[in-house]
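Okay, so here's the structure we're looking at.
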Amino acid sequence: MTATTIHPADQTVRTPPRTEFAPIPLSRIVRVELRKMFDTRSGFWLIASIAVTGLLATVATVAFAPDDDLTYYNFAKAIGYPITVILPMVALLSITSEWSHRSGLTTFTYVPSRGRVVWAKTLSAVIVAVASMLFAFAAGAAGNVIGSSIAGTPTVWDLSIGHALTIVLGNLVSLSIGTMLGMLLRSSAGGLVMYFVLVLLVPNLSALLAASQDWYQNLQPWVDLPYAQSYLFEGMHTGAQWAHVATTVGLWIVLPGIFGLRRVMRSEVK
Amino acid sequence: MITIDSLTKKYGGTTVVHDITFTARPGRVTGFLGPNGAGKSTSLRMTVGLTQPTEGTATISGRRFADLPNPGREVGVMLDASAQHAGRTGREILTIAQQIMGIPASRVPELLELVSLTPTEADRRVGGYSLGMRQRLGIAAALIGAPSVLILDEPANGLDPAGIRWMRDLLRDYADHGGTVLLSSHLLTEIEIIADDIVMIGQGRIVCQGSKSDLLQAGGTVVRAADVIALQHALIGAGIDATSAEDGSLRTDVDPAAVGRAAYDGGVALTELRIADSGGLEEMFLELTADTQRERTAA
């Protein structure tokens, strides 16, 4: 409470010298949003599940993969898959929970700029993503060494730095699907359903269409996001592949993302 | 100081808040009173930038809420105590507030103590809190940044009588130290006990506003006589309009002196003559909102 003094008789108030508070730096919002991803049981276990499934994937690769396949790339791929699936949910729920749990009523009164809050949430999700992938690459390396020594095969390091970077990029694309859906739908249940429709159902429909329709076959890489994304995971070879990635990301993430951001900025928080 | 100027909110063709203007001053508790659905919450949400007004402005100490560099340090807000992630503990919710505002961590236990939440309660998840505990936590979150303005939507909801008294003392003390308090309520008695200034709203329009003492004065005079018919004649004879209440008394807008004179002139012995008491505010509330209320019961 500021020490405003009041004279009860005439109710005039001596205005205190106005304290000018420093603006809230983005780094602080990121730190708090990162904390909020972990401080509930559901949030904690969602992120913990990345590590748990990653370790299970390592063990499974050692146990079940043919000896020839015990290479670093295959380990990193097996461990990275759960990350690709789970991270977008982390990014999505971080945004939608402000509406679904109505905690936005307080969040957006602490930080009125919703754009900054969403940006901070996206950055926190990226931090979790990068940390998870470092974990995946490390766990993959351990699995590769242990697996090849158990199988008695030579330890194969077949993942270039460049390829590792495109895998990171591929995961960031997945993550931004979650961010986009979160902004667009602002509902946890609806967002998760749409997410699975987008990553599980749409690619299958797209593949069916490509198999039966010639005209679509050439179009597919330009409009099918998971298809174009698979280049990033399997390694980029041509400039056309980058063009496919850029086009599908623009179509499926940037455009609806801009629309979603406008809705986030203008919608009423109740 | 909160300044609401010509604030209007329309959804399609429906006007939920219609051109409201009022000021909540420092050192005063301003009660925002109205039946459910009158537009109180929408007005408060517009004040803190969660809802875009169709027209008009709301400023806190001269600035729009959205322009405050660190709003939590200047305005404590509690719009809905239940609007929290049920999986967080009470302590965690205060810690989030403390961190985002950039204030010392020691504020968390201080505020928990201020609102009488024990450390054990603070470490429980808010999903298991009673409404009263959530209100206390919400008050703590609003106060943690030591703001000079408080905006509280229905803060007395869910509190037991002791809790309501505690809230009253807390806000009284806050205002006495120069703070500005704007709180909404549909509980007349609560507003009457705590507020210095009252703004009444019904179906989106301000129906009356002023200091509580002025509004109580406007409640008029209550007069009673053994012979009600004779009293009525005496009052009519003196040109005084009076309405009869259910308890057999008469109520009028003129001051007690004029009523006493009229009774004397009419030769009527009075059994009671007084300024309408605190219950008058409730009558006024019902009266003022009767034609704008959802339930069209006679006041």
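Protein sequences appear in the order of chains E and R. Each residue of the first sequence is one higher than the last, beginning at 1 in the numbering used here. Each residue of the second sequence is one higher than the last, beginning at 1 in the numbering used here. Yeah, the Cβ is synthetic: ideal placement off N, Cα and C, and Gly gets one too. Quick caveat: nothing in here was measured; it's all calculated off a predicted structure.
| Asked | Found |
| --- | --- |
| Count the other CB atoms, across all protein chains shown, that sit within 10 Å of the CB of E:E20; report buried if there are 16 or more and exposed otherwise. | exposed |
| Grouping DSSP H, G and I as helix and E and B as strand, with all else coil, what is R:G27? | coil |
| Please classify E:M180 as buried or exposed, where buried requires at least 16 neighbouring CB atoms within 10 angstroms. | buried |
| Is R:P35 close to the ligand ZN? I mean its beta-carbon at under 7 Å from any heavy atom of the ligand. | Of the ligands one can find in the structure shown there are none, so the ligand ZN has no counterpart to examine. |
| Can you check DSSP and say which residues form a bridge with R:I201? | R:I206 |
| Quick one, are the C-beta atoms of R:T89 and R:R124 less than 8 Å apart? | yes |
| Using the beta-carbon of each residue, which ones in chain E are nearer than 7 Å to R:P71? | T109, Y110, P112 |
| Relative to the C-alpha of E:E234, which candidate in E:V223, E:T166, E:R114 has its C-alpha closest? | E:T166 |
| So which residues on chain R does E:A97 lean against when the C-beta distance must stay under 8 Å? | Here residue 97 of chain E is Ser; the residue named in the question, Ala, does not match the sequence. The contacting residues are H85. |
| Looking at E:T61: is its Cβ nearer than 8 Å to the Cβ of E:A78? | yes |
| Return the chain-ordered ranges of every alpha helix (DSSP H) run that is complete within the segment 221-255 of chain R and spans a minimum of 4 residues. | 228-237 |
| How big is the Cα-Cα spacing for E:P82 and E:I50? | 6 Å |
| Check each candidate in E:T238, E:S97, E:A65 and name the one with the smallest Cα separation from E:T153. | E:A65 |
| Just by C-beta distance, which residues in the segment 81-113 of chain R are closer than 9 Å to chain E? | S82, A83, Q84, H85, A86, G87, R88, T89, E92, I93, T95, I96, A97, Q99, I100, M101, G102 |
| Using the three-state DSSP reduction, which class does R:S43 fall into: helix, strand or coil? | helix |
| For a quick check, are the C-beta atoms of R:G248 and R:R224 less than 8 Å apart? | yes |
| Please say whether R:A140 and R:L114 have beta carbons closer to each other than 8 Å? | yes |
| Once you ignore the five residues that flank R:G12 on each side, which residues in its own chain have a CB closer than 6 Å to its CB? | none |
| Step through the CB atoms of chain R and report whether any lies within less than 8 Å of the CB of E:E105. | Before going on, a small fix: residue 105 of chain E reads as Leu here, not Glu. Yes, E:L105 lies at the interface with chain R (some Cβ there is under 8 Å from its Cβ). |
| Rounded to whole angstroms, what's the CA-CA distance from R:G220 to R:D253? Just pull it up for me. | 4 Å |
| Comparing C-alpha positions only, which one of E:A228, E:V145, E:T107 sits nearest to R:A83? | E:T107 |
| Assign E:I258 to buried or exposed, taking buried as 16 or more other Cβ atoms, counted over all protein chains shown, within 10 Å of its Cβ. | exposed |
| Check whether the Cβ atoms of E:A139 and E:G239 sit closer than 8 Å, and answer yes or no. | no |
| Mind listing the chain A neighbours of E:S42? Cutoff is C-beta to C-beta under 7 Å, in chain order. | No chain A is present in this structure, whose protein chains are E and R. |
| Is there a Cβ of chain R sitting closer than 8 Å to that of E:A3, yes or no? | Bear in mind that the predicted position of E:A3 carries a pLDDT of just 43, short of 50, making it too unreliable to give a figure here. |
| Can you give the Cα-Cα distance for R:I206 and R:G76, rounded to whole angstroms? | 24 Å |
| Do R:Q52 and E:R263 come within 8 Å of each other at the CB atom, strictly closer than that value? | no |
| Do E:M183 and E:I253 have their CB atoms nearer than 8 Å? | no |
| Which residue's Cα is closest to the Cα of R:T120: R:R91, R:S106, R:G132? | R:R91 |
| I need the DSSP call for R:T54, collapsed to helix, strand or coil. | coil |
| Measure how close the beta-carbons of E:Y110 and R:I194 come, nearest whole angstrom, since I'm counting them as under 8 Å. | Incorrect: roughly 26 Å between the Cβ atoms, too far for contact. |
| Give the residues from the segment 218-234 of chain E that approach chain R closer than 8 Å (Cβ to any Cβ), ordered along the chain. | none |
| Tell me whether E:R186 sits in a helix, a strand or coil according to DSSP, three-state version. | coil |
| Out of R:R25, R:P155, R:I96, R:T42, point me to the one whose CA is closest to R:S61's CA. | R:R25 |
| State the CB to CB distance for the pair R:I302 and R:G34, rounded to an integer number of angstroms; the pair is presumed to be in contact (CB under 8 Å). | Outside the modelled stretch of chain R, which goes from 1 to 299, sits residue 302 of chain R, for which no answer is possible. |
| Which of the three DSSP states is assigned to R:I4 in this structure? | strand |
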